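Take a look at the structure set out below.
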Amino acid sequence: MSSFRKDKKDEEEGGSGNPFNNLEKASVLQEARAFNDTPVNPRKCTQILTKILYLINQGETLGAREATDAFFAMTKLFQSKDVILRRMVYLGIKELAPIAEDVIIVTSILTKDMTGKEDLYRPAAIRALCAITDTTMLQAIERYMRQAIVDKIPAVSCAALVSSLHMCQYSGEIVKRWVNEAQEAVNSDNIMVQYHALGLLYHIRKSDRLAVSKLVTKCTRMVLKSPYAACLLIRIACRLIKEEETGPDSPYLEFIESCLRHKSEIVIYEAAQALVNLKTSTSSTSSRELGPAVSVLQLFCSSPKPTLRFAAVRTLNKVAMTNPAAVAACNLDLENLITDVNRSIATLAITTLLKTGAESSVDRLMKQIATFVSEISDEFKIVVVGAIRALGTKFPRKHGVLMNFLSSLLRDEGGLEYKAAIADTIITIISDNPEAKEAGLSHLCEFIEDCEHTSLAVRILHLLGKEGPRTKQPSRYIRFIYNRVILENASVRAAAVSALAKFGALCDDLLPAILVLLARCRMDTDDEVRDRATYYYAILDQQSRALNSQYILNPLPVSVTSLEKALHLYTLDPVDTPFDIKSVPLALESETAEAEKKAGAPEGSRTIQIESTFEMLQAAEPTATRLDVFASQLANVPSVAALNLGPLFKSSQPSDLTESETEYVVQCIKHVFSRHVVLQFDCTNTLSDQLLENVHVALEAPEGWEILAEVPCPRLEYNVSGTVYIVLRMPEEISECLGSFTAVLKYKVRDCDPATGLPDSDDGYNDEYALEDVEISVADQVQRVMKTDFAMAWEEIGPTNELEDTYALTALNKLDDAVRTVVQFLGMQACDRTDRVPPGKSTHALLLAGVFRGGYEVLVRTKLAMSPQTEGVTMHLCVRSEDPSVSELITQAVG
Numbered sequence: 017m018s019s020f021r022k023d024k025k026d027e028e029e030g031g032s033g034n035p036f037n038n039l040e041k042a043s044v045l046q047e048a049r050a051f052n053d054t055p056v057n058p059r060k061c062t063q064i065l066t067k068i069l070y071l072i073n074q075g076e077t078l079g080a081r082e083a084t085d086a087f088f089a090m091t092k093l094f095q096s097k098d099v100i101l102r103r104m105v106y107l108g109i110k111e112l113a114p115i116a117e118d119v120i121i122v123t124s125i126l127t128k129d130m131t132g133k134e135d136l137y138r139p140a141a142i143r144a145l146c147a148i149t150d151t152t153m154l155q156a157i158e159r160y161m162r163q164a165i166v167d168k169i170p171a172v173s174c175a176a177l178v179s180s181l182h183m184c185q186y187s188g189e190i191v192k193r194w195v196n197e198a199q200e201a202v203n204s205d206n207i208m209v210q211y212h213a214l215g216l217l218y219h220i221r222k223s224d225r226l227a228v229s230k231l232v233t234k235c236t237r238m239v240l241k242s243p244y245a246a247c248l249l250i251r252i253a254c255r256l257i258k259e260e261e262t263g264p265d266s267p268y269l270e271f272i273e274s275c276l277r278h279k280s281e282i283v284i285y286e287a288a289q290a291l292v293n294l295k296t297s298t299s300s301t302s303s304r305e306l307g308p309a310v311s312v313l314q315l316f317c318s319s320p321k322p323t324l325r326f327a328a329v330r331t332l333n334k335v336a337m338t339n340p341a342a343v344a345a346c347n348l349d350l351e352n353l354i355t356d357v358n359r360s361i362a363t364l365a366i367t368t369l370l371k372t373g374a375e376s377s378v379d380r381l382m383k384q385i386a387t388f389v390s391e392i393s394d395e396f397k398i399v400v401v402g403a404i405r406a407l408g409t410k411f412p413r414k415h416g417v418l419m420n421f422l423s424s425l426l427r428d429e430g431g432l433e434y435k436a437a438i439a440d441t442i443i444t445i446i447s448d449n450p451e452a453k454e455a456g457l458s459h460l461c462e463f464i465e466d467c468e469h470t471s472l473a474v475r476i477l478h479l480l481g482k483e484g485p486r487t488k489q490p491s492r493y494i495r496f497i498y499n500r501v502i503l504e505n506a507s508v509r510a511a512a513v514s515a516l517a518k519f520g521a522l523c524d525d526l527l528p529a530i531l532v533l534l535a536r537c538r539m540d541t542d543d544e545v546r547d548r549a550t551y552y553y554a555i556l557d558q559q560s561r562a563l564n565s566q567y568i569l570n571p572l573p574v575s576v577t578s579l580e581k582a583l584h585l586y587t588l589d590p591v592d593t594p595f596d597i598k599s600v601p602l603a604l605e606s607e608t609a610e611a612e613k614k615a616g617a618p619e620g621s622r623t624i625q626i627e628s629t630f631e632m633l634q635a636a637e638p639t640a641t642r643l644d645v646f647a648s649q650l651a652n653v654p655s656v657a658a659l660n661l662g663p664l665f666k667s668s669q670p671s672d673l674t675e676s677e678t679e680y681v682v683q684c685i686k687h688v689f690s691r692h693v694v695l696q697f698d699c700t701n702t703l704s705d706q707l708l709e710n711v712h713v714a715l716e717a718p719e720g721w722e723i724l725a726e727v728p729c730p731r732l733e734y735n736v737s738g739t740v741y742i743v744l745r746m747p748e749e750i751s752e753c754l755g756s757f758t759a760v761l762k763y764k765v766r767d768c769d770p771a772t773g774l775p776d777s778d779d780g781y782n783d784e785y786a787l788e789d790v791e792i793s794v795a796d797q798v799q800r801v802m803k804t805d806f807a808m809a810w811e812e813i814g815p816t817n818e819l820e821d822t823y824a825l826t827a828l829n830k831l832d833d834a835v836r837t838v839v840q841f842l843g844m845q846a847c848d849r850t851d852r853v854p855p856g857k858s859t860h861a862l863l864l865a866g867v868f869r870g871g872y873e874v875l876v877r878t879k880l881a882m883s884p885q886t887e888g889v890t891m892h893l894c895v896r897s898e899d900p901s902v903s904e905l906i907t908q909a910v911g
């Protein structure tokens, strides 16, 4: 015993460790020759078998020959009467059966052990036998399996039931014949036998809803002694309720509610969790309906068992996301859990309280959390910070208390992920609450004084450059930014220079001081810092608002990967004409978001934009964008490539032209070029007894549109996608470039054998299938572009091509619905966070920016107001564009 204690102590201290860590497959298989020794050494063979099983479970792959040799050597161990060795042999058979060949040879031995009198062998023999049995052999042991299912020894019955459950995957029809035995096993007094029997019965009948319903009805009327079987029955009942969409009078729901009074705690919890999941899936659920389940969970919160406390608070946390009022009654019990020794329970209790607490309790909660947060790991701290972010959105007037608490967390020790979560939360509060902007920026300024994470410092500097110039006292942030130029590494210094340039572009009174600071930065030791300082100094020194907007505040909206490829191709084949930036596709919104994320911006935040093309080049991976993939795909279609359509401007999302359950499924993707549109029809044949040939789409084009080329799909087999292309030339007049096209799918049908897919004969017949109309809208011809300074961009375009009109949106009765509809219809990017409508407002201004095909910038100002006369929304729309036809097109399309 003393030596055992010593070994365990050494293992805890990292002394001996795992004795199987350095095993080699070849040496272990060499040792397996000991299986042939006479007499057999049980202890030695058990050790070798353990090594083989360890290697397999660690992912070591054995060849078929190696596994077969080891398997047949192992079968000689059946002559030993050692119980431990025999059970190891059964495990070895199960593991080697999928790899080794001719494993069927041990069937007779396993069958003998399965039906023998040695009860220790029988369960393991059943599992091993079922592991090597296929459909052809199963009938030979069917009689023994039926007897084993109803065996009086629980271990044997459980082994047979679980093995039957596994065999349902490949021999379901045979296992279905064992229903009577499984039903008898359901009445067993053993809790595990009853549980496994119910699972097998449900698996056999799960494809027959009526049979499952009868099974549940029968089991709910009997008293299940197994708590595990009761939990399984609750889950089956929940599935039936969801599938049948029954109301509150459902007998299954009554059964689940009755389980709240069960004597077993796990059944009570399972029932409470089931009720919570069923109720919270309905948006109209009231706190009263959740009351019984929440009351049970509240009792569990004071349980002496940590598992019950954790389960209860985790479920209450989930309820608080959708119905915080229902959990408010548990707040006192949750507050007691803040000091729980289990930090997982305490963290969940805190986050639940933050979701359910009232505005008046925020101050008290922050004080309670302050002592707790210092005692937990970063992983739990991040969860708490996420809950504080939601609390800041819920109670915007408490931004001061929340940000003071978050700033104190920033000063504590922590990793990058934890500090980034805090910074993201402060940025979110600033974005949602303009009153919190200056306080939040001050906290972030103090943080970067001692910030050791480069990516986080760059992110905060960029935020200061964007938001700082628009505060009441912009000059207060200059010191913090310039300190980074003096004290930090090159990446941070470069970001600080960019932030200073934005102050100079937006604050005329600070421009002389900014120019002095940038002039000093031109002497920096790093090339990137010097280049940025020189670049920004040259632009700001011109004192031109147009230059500031174009080259500092609104960076190039092009796709970085596409720009890199275009420049590379231009250098490979130099020509006399200069490189045209308009030939490069614009950056998609998803691509910009991904670049922001990789550059350190919070995911989903529109507050922070990439501060220059340099950051985007650093953040972007050298992978093809969605637009590049489509451009390459179209270039490989000879009929399309021969037309020289130019660079691809935009590819739409797939739109369904048929229902998803119909015999032919067709989706359309619209590829828009400067003067052309390529319609890509992705077709799928869902009929296994038909082969379609010469599949094409007959399109009826409106006046002014011209069909230049059609590329049919020569063959459309069952469940294999095929593509049809149609190339259209747009009308010369931009105002006529919106249209609706009637489409019909035409093809030749040949009947075929569903099993082989081969046609029955060479004959066929022509047929057609009507499709939904294809719409070419404004959104298909506009790319989203973010304008960091919309006001300056608006002035830069000027009123030359300005058009305005007023519209009544009678179909919409909410401002946020109107904003969402307008953004989607025009396909443009909402700027300055104007796509968010503050609650309680009756008027709202929406600012949109985009680029029309051909490279024409277009900006839209809309003023939306609730109209009491029409019970809808009135919209005043003003459009400015570089081309008068684009302004006219947008105003006409909205009308």
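Numbering (my numbering), first residue to last: 17 to 911.
Backbone N, C-alpha and C define an ideal beta-carbon position, used for all residues, glycine too.
Since this is a predicted model, take the numbers as computed values, not measurements.
Annotated three-state conformation of Gly-773 is coil, per DSSP. Val-574 places its beta carbon 8 Å or farther from that of Val-591. The Cβ-Cβ distance between Val-310 and Ala-345 falls below 8 Å.
Nearest neighbour of Val-209 by Cα position, chosen from Val-232, Arg-221, Ser-173 and Leu-216, turns out to be Ser-173.
Secondary structure in the segment 797-879: the alpha helix (DSSP H) runs of 4 residues or longer, each lying completely within the stretch, are 806-813 and 831-842 in chain order. Taken in chain order, the complete alpha helix (DSSP H) segments of 4 or more residues contained in the segment 84-123 are 99-112. The Cβ atoms of Leu-256 and Ser-229 sit closer than 8 Å to each other. In chain order, Val-166 place their CB closer than 6 Å to the CB of Glu-200, counting only its own chain and leaving out the 5 sequence neighbours on each side.
Three or more beta-carbon pairs separated by less than 8 Å link the segment 548-562 to the segment 503-520, which places the two stretches in contact. Taking C-beta atoms under 8 Å as the contact rule, Arg-869 and Val-688 qualify, at a distance of about 6 Å. For Leu-664, the closest alpha carbon among the candidates Ala-771, Ala-786 and Gln-797 is that of Gln-797. Asn-570 is classed as buried because its beta carbon has at least 16 other beta carbons within 10 Å across all chains shown.
In this structure, Arg-691 sits away from Glu-722, with a CB-CB distance that is not shorter than 8 Å. In the structure shown, the three-state DSSP call for Val-740 is strand.
Residue nearest to Leu-862 within the set Asn-37, Gly-871, Gly-856 and Arg-877 is Arg-877 (criterion: CA-CA distance).
Thr-338 carries a helical assignment under DSSP once its states are collapsed to helix, strand and coil. In the structure shown, Lys-435 adopts helical secondary structure according to DSSP, grouped into three states. Here the segment 810-821 makes no contact with the segment 846-853; the two share fewer than three CB pairs at distances below 8 Å.
Closest by C-alpha distance to Ile-404, out of Thr-387, Ser-471, Asp-440 and Gly-780, is Asp-440.
Excluding sequence positions up to five before and after Ile-157, its CB lies within less than 7 Å of the CB of Thr-127, Leu-145 and Thr-149, all in the same chain and listed in chain order.
In the three-state scheme derived from DSSP, where H, G and I count as helix and E and B as strand, Ile-446 is classed as helix. In the structure shown, Asn-710 falls within a strand segment according to DSSP collapsed to helix, strand and coil. Per DSSP, reduced to three states, the secondary structure at Glu-791 is strand.
As DSSP reads the structure, Thr-758 sits in a beta bridge with Glu-716. Annotation: Glu-677 to Ala-786 spans about 15 Å, alpha carbon to alpha carbon.
Separation of Leu-572 and Trp-810 (C-alpha to C-alpha, rounded to the nearest whole angstrom) is 16 Å. Counting other Cβ atoms within 10 Å of its Cβ, Ile-121 stays below 16 and is therefore classed as exposed.
At a Cβ-Cβ threshold of 8 Å, Ser-897 and Glu-873 count as neighbours. Residue burial annotation: Leu-306 is buried, with at least 16 other C-beta atoms found within 10 angstroms of its C-beta. For Gly-215, the enclosing alpha helix (DSSP H) stretches over residues 207-221. For the segment 547-580, the continuous alpha helix (DSSP H) assignments of 4+ residues that do not extend past its boundaries occur at 561-564, in sequence order. For His-687, the uninterrupted beta strand (DSSP E) run begins and ends at 680-688, by DSSP.
Of the other Cβ atoms in all chains shown, fewer than 16 fall within 10 Å of the Cβ of Arg-427; this residue is therefore exposed. Taking Cys-247 as reference, the option from Ala-512, Glu-273, Leu-864 and Leu-703 with the minimal CA-CA separation is Glu-273. Shown here, Arg-538 sits in coil according to DSSP, grouped into three states, outside any helix or strand. As the crow flies, the alpha-carbon of Val-694 is around 12 Å from that of Val-790.
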